[in-house]
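Visitor: In this note's numbering, the protein residues as written are 9 to 129. Glycine is no exception: its CB is placed at the ideal position from the N, C-alpha and C atoms. Since we're looking at a predicted model, the values are computed, not measured. Structure in structure tokens, see below.
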């Protein structure tokens with residue numbers, strides 16, 4: 009059986025590396041994308057099941073909007089994550105994020121968040 013691909017873009021080592029490890033423990037193939045400009049091309053060619061994006065740099069909102077606007081990949085759920093005091097939540101949802109969660113919640117409730125993000129409506 010092929011492992012589903014999750015693309016992960018993060019700037020902060022923690023929780024980014026923890027997220028990668030947790031996804032691998034849940035049998036996901038993980039591709040870490042360190043350059044935001046490459047995330048769109050990886051998403052277009054890699055066939056990811058999910059995309060995770062760190063909201064730390066404010067330009068991530070533009071990146072999420074670009075991903076969501078691309079007809080070939082707009083069906084791929086995007087989980088945006090940030091700090092507890094994140095004020096970008098509404099903006100991330102407007103940009104096209106499927107879910108917006110805090111770093112703490114992402115790591116604590118990852119299996120449930122995966123289920124919620126992948127739910128077909």
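1) Quick check on the DSSP output: the alpha helix (DSSP H) that includes residue 49 runs from which residue to which?
2) Does the beta-carbon distance from residue 36 to residue 11 come in below 8 Å?
3) Under the three-state reduction of DSSP, which class applies to residue 120: helix, strand or coil?
4) With residue 62 as the anchor, note down where its alpha helix (DSSP H) starts and where it stops.
5) Can you tell me which of the three DSSP states residue 26 falls into?
6) What is the rounded straight-line gap between the Cα of residue 55 and the Cα of residue 92?
7) Do you know how far the Cα of residue 15 is from the Cα of residue 70?
8) Closest to residue 64 by CA distance: which of 20, 76, 34 and 106 is it?
9) With burial defined as no fewer than 16 other Cβ atoms inside 10 Å of the residue's Cβ, what is the status of residue 33: buried or exposed?
Guide: So, to answer that:
1) 44-54
2) yes
3) helix
4) Here residue 62 belongs to no alpha helix (DSSP H); instead the beta strand (DSSP E) covers 58-62.
5) helix
6) 31 Å
7) 17 Å
8) 20
9) exposed
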